[in-house]
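Here's the structure we're looking at; comments come further down.
Shown next as structure tokens:
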């Protein structure tokens with residue numbers, strides 16, 4: 001601490017008495033630095049200059065710090081995304097974007113969508129308070145083996161990155177089952193579940209390979225509105241890992257619902273999708289796999305396969321339906337088709 005002349009800085013009516021010889025000897029022998037003058041400050045006499053402000057006590061500073069670190073009040077379920085949970089716990093007043101720290105009114109959840117942030121590539125689900133947000137990703141994420149368990153996961157790539165707008169290449173059958181491909185698949189599953197989401201495509205973590213993962217559980221569906229679940233024909237299904245998927249439409253029946261994407265975070269739009277599809281490909285062991293899907297699962301598959309072709313949901317939206325998640329509950333403009341099956 002800097003040594004101050006307390007007699008000069010803090011004069012009183014009678015002034016400070018001079019330090020005694022014994023006091024000077026004790027001060028000289030002390031191993032501690034002299035205390036700053038404000039520890040000895042007295043009320044200034046009338047007509048004298050006011051004393052400089054005293055800094056707040058340390059314990060008050062600590063209390064203020066922890067008060068800023070309190071998480072946002074427990075907000076009800078926030079939607080899951082097609083592709084993962086995306087991000088860490090949200091804290092208020094720490095310089096985070098407003099969208100990442102607002103509380104949602106009780107009982108309000110966002111409808112599922114089909115994207116990497118919970119809409120198409122990672123359909124939206126409604127997970128508990130402080131749902132993690134997606135973070136920016138670097139395109140061309142390292143395709144090697146990577147670190148051990150606990151290593152940081154790859155981040156979600158955002159719209160505009162070339163890896164999202166160019167067709168992905170097929171996985172070499174000779175590579176299926178290798179440690180490198182298994183590492184990519186495991187990371188995709190972890191990112192999807194952490195977002196949380198119900199689907200993810202490899203390009204969404206910067207890897208231009210034709211790999212998709214998807215999963216929808218009873219827990220996820222439990223966060224959604226029951227009427228929406230029924231309208232979307234949404235049913236739980238176990239984890240699916242499909243390499244080199246090929247999608248075929250089974251009929252011409254379609255449905256219109258809002259979709260979103262972790263790669264286009266914070267927005268939703270209406271997209272028309274086929275109600276029934278068939279997807280063939282290989283599982284992570286290289287064995288042939290066929291999936292006949294309907295309803296919401298069919299929408300997830302179409303959303304993820306679009307990512308492999310360099311297409312994101314905003315390339316297919318119904319005009320004038322694009323909006324922020326905050327405006328998702330507002331009515332559609334006049335002339336827009338109604339949501340549901342057609």
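Numbering (UniProt numbering), first residue to last: 1 to 342.
All C-beta atoms in this analysis are idealised placements derived from N, C-alpha and C, irrespective of residue type, glycine included.
Just to confirm before moving on: does the CB-CB distance between residue i and residue j stay below 8 Å?
i, j, result
"residue 255", "residue 268", "no"
"residue 284", "residue 241", "yes"
"residue 318", "residue 244", "no"
"residue 187", "residue 176", "no"
"residue 189", "residue 199", "no"
"residue 308", "residue 152", "no"
"residue 203", "residue 262", "no"
"residue 275", "residue 253", "yes"
"residue 162", "residue 191", "no"
"residue 239", "residue 300", "no"
"residue 223", "residue 271", "no"
Who are the Cβ neighbours of residue i in its own chain at under 6 Å, not counting the five residues just before and after it?
i, result
"residue 286", "176 and 177"
"residue 310", "165, 166 and 167"
Mind reading off the beta-carbon distance from residue i to residue j? Whole number of angstroms is fine, and I expect it under 8 Å.
i, j, result
"residue 168", "residue 210", "5 Å"
"residue 320", "residue 333", "5 Å"
"residue 195", "residue 264", "Actually they are not in contact, since the Cβ atoms of residue 195 and residue 264 sit about 14 Å apart, beyond 8 Å."
"residue 250", "residue 278", "6 Å"
"residue 231", "residue 335", "Actually they are not in contact, since the Cβ atoms of residue 231 and residue 335 sit about 21 Å apart, beyond 8 Å."
"residue 266", "residue 185", "28 Å between Cβ atoms; not a contact."
If I measure Cβ to Cβ from residue i and keep anything under 7 Å in the same chain, skipping five residues before and after, which residues do I get?
i, result
"residue 233", "294, 295 and 296"
"residue 281", "242, 243, 244, 245, 246 and 289"
"residue 342", "254, 255 and 256"
"residue 221", "229, 234 and 236"
"residue 136", "Note that residue 136 has pLDDT 35, beneath the 50 cutoff, so the model's placement of it is unreliable and no number is given."
"residue 217", "236"
Going by DSSP, name the residue or residues bridged to residue i.
i, result
"residue 293", "277"
"residue 288", "282"
"residue 341", "255"
"residue 269", "259"
"residue 317", "271"
"residue 323", "268"
For residue i, I'd like the list of residues in its chain whose CB is within less than 8 Å of its CB, leaving aside the five on either flank, ordered along the chain.
i, result
"residue 298", "273, 274, 275, 276 and 277"
"residue 330", "323"
Can you give, in chain order, each stretch of the alpha helix (DSSP H) that sits fully within the region 205 to 264 and has at least 4 residues?
218 to 222 and 226 to 232
Taking only runs that begin and end inside the region 163 to 209, name each unbroken alpha helix (DSSP H) of 4 or more residues, in chain order.
179 to 194
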